[in-house]
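Novice:
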Amino acid sequence: MASGSTNGTGDAAGKGFNQPGEVPGWVNYALLPALNLVAALAVSSLVILAIGENPIAAMGVLLYGSFGYPEAVGFTLYYTTNFIFTGLAVSVAFHCGLFNIGGEGQAYIGGLAVGLVGLWFGGAPWPVVAIIAIAAGAAGGAAWAYVPAWLQAHRGSHIVITTIMFNFIAASVMTYLLVDVLIAPGQQSPESRQFDQSTWLPFMHQALGWIGIRIPNSPLNLSFVWALVCCALVWVLIWHTRWGYEIRTVGQNERAAVYAGISPSGNIILAMAISGALAGFVGLNEVLGVNHRLILGFTGGVGFVGIAVALMGRNHPIGIVLAALLFGALYQGGSELAFDFPNINREMVVVIQGLVILFAGALENLFKSRVEALFRRSTRQPATAG
Amino acid sequence: MDYMTLLSVLDGTVRTAAPLVLAALAGLFAERSGVVDIGLEGKMLAGAFAAAAAASVTGSPWLGLLAAILAGIALSMVHAYATVTHHGNQVVSGMAINILVAGLTPTLAFAWFQQGGQTPILQSGERFQSITLPLADALGDTIPVLGPLYREVISGHNILVYAAVLAVPVTAWVVYRSRFGLRLRAVGENPSAVDTAGISVAKLRYQALVICGALTGAAGAYLSTAQGAGFVRDMTAGMGYLALAALIFGKWKPAPTLAACLLFALADAVQIRLQGVDIPGIGIIPVQFIQMLPYVLTVLLLAGFVGKAVAPKASGIPYVKER
Numbered sequence: 001m002a003s004g005s006t007n008g009t010g011d012a013a014g015k016g017f018n019q020p021g022e023v024p025g026w027v028n029y030a031l032l033p034a035l036n037l038v039a040a041l042a043v044s045s046l047v048i049l050a051i052g053e054n055p056i057a058a059m060g061v062l063l064y065g066s067f068g069y070p071e072a073v074g075f076t077l078y079y080t081t082n083f084i085f086t087g088l089a090v091s092v093a094f095h096c097g098l099f100n101i102g103g104e105g106q107a108y109i110g111g112l113a114v115g116l117v118g119l120w121f122g123g124a125p126w127p128v129v130a131i132i133a134i135a136a137g138a139a140g141g142a143a144w145a146y147v148p149a150w151l152q153a154h155r156g157s158h159i160v161i162t163t164i165m166f167n168f169i170a171a172s173v174m175t176y177l178l179v180d181v182l183i184a185p186g187q188q189s190p191e192s193r194q195f196d197q198s199t200w201l202p203f204m205h206q207a208l209g210w211i212g213i214r215i216p217n218s219p220l221n222l223s224f225v226w227a228l229v230c231c232a233l234v235w236v237l238i239w240h241t242r243w244g245y246e247i248r249t250v251g252q253n254e255r256a257a258v259y260a261g262i263s264p265s266g267n268i269i270l271a272m273a274i275s276g277a278l279a280g281f282v283g284l285n286e287v288l289g290v291n292h293r294l295i296l297g298f299t300g301g302v303g304f305v306g307i308a309v310a311l312m313g314r315n316h317p318i319g320i321v322l323a324a325l326l327f328g329a330l331y332q333g334g335s336e337l338a339f340d341f342p343n344i345n346r347e348m349v350v351v352i353q354g355l356v357i358l359f360a361g362a363l364e365n366l367f368k369s370r371v372e373a374l375f376r377r378s379t380r381q382p383a384t385a386g
Numbered sequence: 001m002d003y004m005t006l007l008s009v010l011d012g013t014v015r016t017a018a019p020l021v022l023a024a025l026a027g028l029f030a031e032r033s034g035v036v037d038i039g040l041e042g043k044m045l046a047g048a049f050a051a052a053a054a055a056s057v058t059g060s061p062w063l064g065l066l067a068a069i070l071a072g073i074a075l076s077m078v079h080a081y082a083t084v085t086h087h088g089n090q091v092v093s094g095m096a097i098n099i100l101v102a103g104l105t106p107t108l109a110f111a112w113f114q115q116g117g118q119t120p121i122l123q124s125g126e127r128f129q130s131i132t133l134p135l136a137d138a139l140g141d142t143i144p145v146l147g148p149l150y151r152e153v154i155s156g157h158n159i160l161v162y163a164a165v166l167a168v169p170v171t172a173w174v175v176y177r178s179r180f181g182l183r184l185r186a187v188g189e190n191p192s193a194v195d196t197a198g199i200s201v202a203k204l205r206y207q208a209l210v211i212c213g214a215l216t217g218a219a220g221a222y223l224s225t226a227q228g229a230g231f232v233r234d235m236t237a238g239m240g241y242l243a244l245a246a247l248i249f250g251k252w253k254p255a256p257t258l259a260a261c262l263l264f265a266l267a268d269a270v271q272i273r274l275q276g277v278d279i280p281g282i283g284i285i286p287v288q289f290i291q292m293l294p295y296v297l298t299v300l301l302l303a304g305f306v307g308k309a310v311a312p313k314a315s316g317i318p319y320v321k322e323r
């Protein structure tokens, strides 16, 4: 609610999120995220202790449950796919100094668009459907992000609040559509009919089966490949195009951008539209890849995980893939955890997620200033001695 | 719609509005001091869980309320530590609290009560009971229009509803008439001026967040130990965000915020009445459209299409002395 700048996150965030300090890169991109993760896991361990379980044994089960056997890896990567999309979405907005909390709603509406493609193009071969669905998912997510972006750019409405409101509006719209409009005839639960099987995005075990590689069945599907492509596209966009340069300039210093002839409002809208489009691709995985129909609440909080992923991954695609993998492992391992420990349920993972956002985002200065000070002292010493 | 139906809708409005009012006033203290708080939702949820858990174990709703207030304050202090002491991003911190609590409450409930993430259903002695105000029945039968209004809408709520009603003038007095309030408003508009006057910005913001935490805790206690009878996961269901919307709608002022809470609660009460009702000339209005109304209105307001909402100038910006 900084009225001085139209940025969603204000000045401090812009600095914290992407400006390298005086320390070498590995401190910023590896040591600090690692410290944040350790802190989050340490506090989670206290919670596990408080409920009377052994945190080390629990972490062991979590790790085994996520990577211990081939099937688990498939599930882990399936969750990872969603988190790459939403993590990229949040990061593109961050680069423009905007905090997009609306990933959840954008993914929901993007998924709706993907679902409509699935319903309308029954009988069409999957590659055709996939391409149309990619365009539709992007359009749906971008459209849902466009309105808050436009309001931020031209009316000064705070993007954090409007995107929160749009999450709720999306939820209401989707409930209405699924309960009253798209519900399959004769169906009790609010979900659409199943798409024609020809339109389904192939599962990874099917796709790899075509070239003779056999892996166990899992919900992992080809949208994972698209997620990796999106990482590359975002990397090129942000660091190797004029658009990305302008987005970053607006994000770092809006006034400087204006002096350089860069339009903040145009770039706010552009960044948010790209952000929304990326979030919209969640539908590709969930709707076209796994559920093969539109169901209520298929997003299940992935938009919020994206915040943790972007913070943890330092807004860089490689970091985001790693952070998404971490959260994919947490979500997959979490169900295993609930299975093995009578006192732990799946929500334990959400605790870790909240703590990661706290330490990597809100408390980023806690370790940062100390590490930087430590580093400065250690580099200065030889100079004074010699 | 006859008079008794109208009264019952108004009664429902008051019941829904009470926690919104408490949470929105909590947000008012935080944001007036210059700290954006989207963590109202999480603090309310923590309050709801703490109240139900403590009431269930001790058998006293008052100890439940105390536990809720302490839980709210504890989370508020996390927010203060991150955003005031360490100048962290306020929105990120609020989000972290919301997500943390959304995970923590069912986890603890699951481990402590073994009922799938809920607390045991509270007995009547463990909850806040409704209070019949003096003469409610006598007046309700004798005085025509106002009597039933008094009996149905004004009387018969639990103590927290009356506390919420009382909290509005108290907040207005504190914010506009007390020394603390003057400083609070100043620190939200121009912290460096307050700092120059020799008053600690950080201390004021911490104080504001203590009040904020206590009020959100009470709002949560209302949900689980007064309106409901126990904690169920995600029982706030977006009410904290709705309170935030009401605060914006009320332009960060106590009385208009109360009005916004009542408006949103009325929309909710009407929505329950309208479910499946065929209105002549309009047909059946899907409930979802009424449910989204508060959010749409808030967006329109923020866009300046319905009035104009101007936030406290310094809200959202961490205060750093050297800047």
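As they're listed, the protein sequences go chains F and R.
Numbering-wise, our numbering puts 109 at position 109 of the first sequence, and it's gapless, one number per residue.
Numbering-wise, our numbering puts 215 at position 215 of the second sequence, and it's gapless, one number per residue.
Ideal placement from N, C-alpha and C gives every residue a C-beta, glycine not left out.
Bear in mind the structure is a predicted one, so any value in this text is a computation, not a measurement.
#1: Using the C-alpha atoms, what's the distance from I154/R back to G21/F?
#2: Any idea what DSSP makes of G283/R, helix, strand or coil?
#3: How would you call A50/F, buried or exposed, if buried means at least 16 neighbouring beta carbons within 10 angstroms?
#4: Tell me which residue opens and which closes the alpha helix (DSSP H) that H240/F is part of.
#5: For R155/F, would you say it is in contact with chain R, using Cβ-to-Cβ distances shorter than 9 Å as the test?
#6: Tell me the start and end of each unbroken alpha helix (DSSP H) in the region 36-122 of chain F that is at least 4 residues and wholly inside, in chain order.
#7: Output the boundary residues of the alpha helix (DSSP H) element that contains A132/R.
#8: So what does DSSP say about F203/F, is it helix, strand or coil?
#9: Shorter than 9 Å from the beta carbon of T83/R to some beta carbon of chain F?
#10: Taking G238/R as the query, report the chain F residues whose CB atoms sit under 8 Å from its CB, ordered along the chain.
#11: Buried or exposed, going by whether 16 or more other CB atoms sit within 10 Å of the CB of H158/F?
#12: Any idea which residues DSSP pairs N158/R with across the strands?
#13: Kindly indicate which three-state DSSP category E191/F falls into: helix, strand or coil?
#14: With a threshold of 9 Å between beta-carbons, can N345/F be considered close to chain R, or not?
#15: Taking C-beta to C-beta, are G125/R and G59/R nearer than 9 Å?
#16: Is it the case that the CB of T162/F approaches a heavy atom of the ligand ADP more closely than 8 Å?
#17: Is the beta carbon of G228/R less than 9 Å from the beta carbon of A74/R?
#18: Which same chain residues end up closer than 7 Å to I282/R when comparing Cβ atoms and leaving out the 5 residues on each side of it in sequence?
#19: Would L35/F pass as a contact of V371/F if the rule is Cβ separation under 9 Å?
#20: Would you mind working out which of M4/R, S33/R, T16/R sits nearest A219/R, comparing C-alpha positions?
#21: What residues in the region 198-232 of chain F bring their beta carbon closer than 9 Å to a beta carbon of chain C?
#22: Which runs of the alpha helix (DSSP H), 4 residues or longer, sit entirely within the region 39-103 of chain R?
#23: G306/F and G141/F: beta carbons closer than 9 Å?
#24: Which first and last residues belong to the alpha helix (DSSP H) in which N267/F is found?
#25: Using only alpha-carbon positions, find the residue among K313/R, K251/R, L223/R, T257/R that is nearest to A55/R.
#26: How should Y79/F be labelled, buried or exposed, when 16 other C-beta atoms within 10 angstroms of its C-beta is the threshold for buried?
#27: Let's test the definition: count the other Cβ atoms within 10 Å of the Cβ of V225/F and tell me whether it reaches 16, buried, or not, exposed.
#28: Mind checking who I295/F pairs with in its DSSP beta bridge?
#29: Give me whichever residues DSSP pairs with D268/R in a beta bridge.
#30: Hey, how far is the Cα of Q353/F from the Cα of A52/R?
#31: Anything in the region 243-261 of chain R with a Cβ closer than 8 Å to a Cβ of chain F? List those residues in chain order, please.
#32: Considering only DSSP beta bridges, list what D278/R is partnered with.
#33: Please compile the residues from chain F whose C-beta is within a distance smaller than 8 Å of the C-beta of A102/R.
#34: Would you kindly work out how many angstroms separate the C-alpha atoms of A77/F and L262/R, rounded to a whole number?
#35: Could you tell me whether the Cβ atoms of I84/F and V290/F are closer together than 9 Å?
#36: Would you list, in sequence order, the uninterrupted alpha helix (DSSP H) runs of no fewer than 4 residues that lie entirely inside the region 140-205 of chain R?
Specialist: So, to answer that:
#1: Note that G21/F scores a pLDDT of 49, beneath 50, so its modelled location is shaky; the value from the coordinates is reported in the next line. Distance between the alpha carbons of G21/F and I154/R: 60 Å.
#2: Three-state result, G283/R: strand.
#3: Its Cβ having fewer than 16 others within 10 Å, A50/F is exposed.
#4: Here the alpha helix (DSSP H) through H240/F covers 223-240.
#5: True, the Cβ-Cβ gap to chain R drops below 9 Å.
#6: Within the region 36-122 of chain F, the complete alpha helix (DSSP H) runs of at least 4 residues are 55-67, 70-95, 103-120.
#7: Going by the sequence as given, residue 132/R is Thr instead of Ala. Segment: none, T132/R is in no alpha helix (DSSP H) and carries neither H nor E.
#8: Looking at F203/F - three-state DSSP - the assignment turns out to be strand.
#9: Closer than 9 Å: yes.
#10: Below the 8 Å Cβ cutoff, chain F contributes F168 as neighbours of G238/R, in chain order.
#11: The residue in question, H158/F, is buried, as its Cβ has 16 or more Cβ neighbours within 10 Å.
#12: S130/R.
#13: Reduced to three states, the DSSP call for E191/F is strand.
#14: The beta-carbon of N345/F is placed less than 9 Å from the nearest beta-carbon of chain R.
#15: In this structure, G59/R lies closer than 9 Å to G125/R by Cβ.
#16: As presented, the structure is devoid of all ligands, the ligand ADP included, so that no description of it is given.
#17: No, they are not a contact pair.
#18: Excluding sequence neighbours, I282/R sits near nothing in its chain.
#19: For the 9 Å CB-CB criterion, L35/F and V371/F form a contact.
#20: It is T16/R whose Cα lies nearest to the Cα of A219/R.
#21: Absent from the structure is chain C; the protein chains it does hold are F and R.
#22: DSSP assignment within the region 39-103 of chain R yields the following whole alpha helix (DSSP H) runs of 4 residues or more, N-terminal first: 40-58, 61-80.
#23: G141/F is positioned such that its CB atom lies no closer than 9 Å to that of G306/F.
#24: Judged by DSSP secondary structure, N267/F falls within the alpha helix (DSSP H) whose first and last residues are 264-280.
#25: Ranking K313/R, K251/R, L223/R, T257/R by CA distance to the CA of A55/R puts L223/R first.
#26: So Y79/F ends up on the buried side.
#27: Counting Cβ neighbours within 10 Å, V225/F comes out exposed, since fewer than 16 surround it.
#28: Residue pairing by DSSP places I295/F opposite E191/F in a beta bridge.
#29: For D268/R, which the question treats as bridged, DSSP gives no partner whatsoever.
#30: Rounded to the nearest angstrom, the gap between the Cα atoms of Q353/F and A52/R is 25 Å.
#31: Correct list: L244, A245, I248.
#32: Partner residues in the beta bridge of D278/R, as assigned by DSSP, are I284/R.
#33: At a C-beta separation below 8 Å, A102/R has these neighbours in chain F: E347, V350, G354.
#34: First, the residue type needs correcting, since residue 77/F is Leu and not Ala in the sequence shown. If I take the Cα positions, the gap works out to 46 Å.
#35: In terms of Cβ geometry, I84/F and V290/F do not form a close pair [threshold 9 Å].
#36: Runs of the alpha helix (DSSP H) lying entirely within the region 140-205 of chain R and spanning at least 4 residues, in chain order: 146-149, 159-177, 179-189, 191-196.
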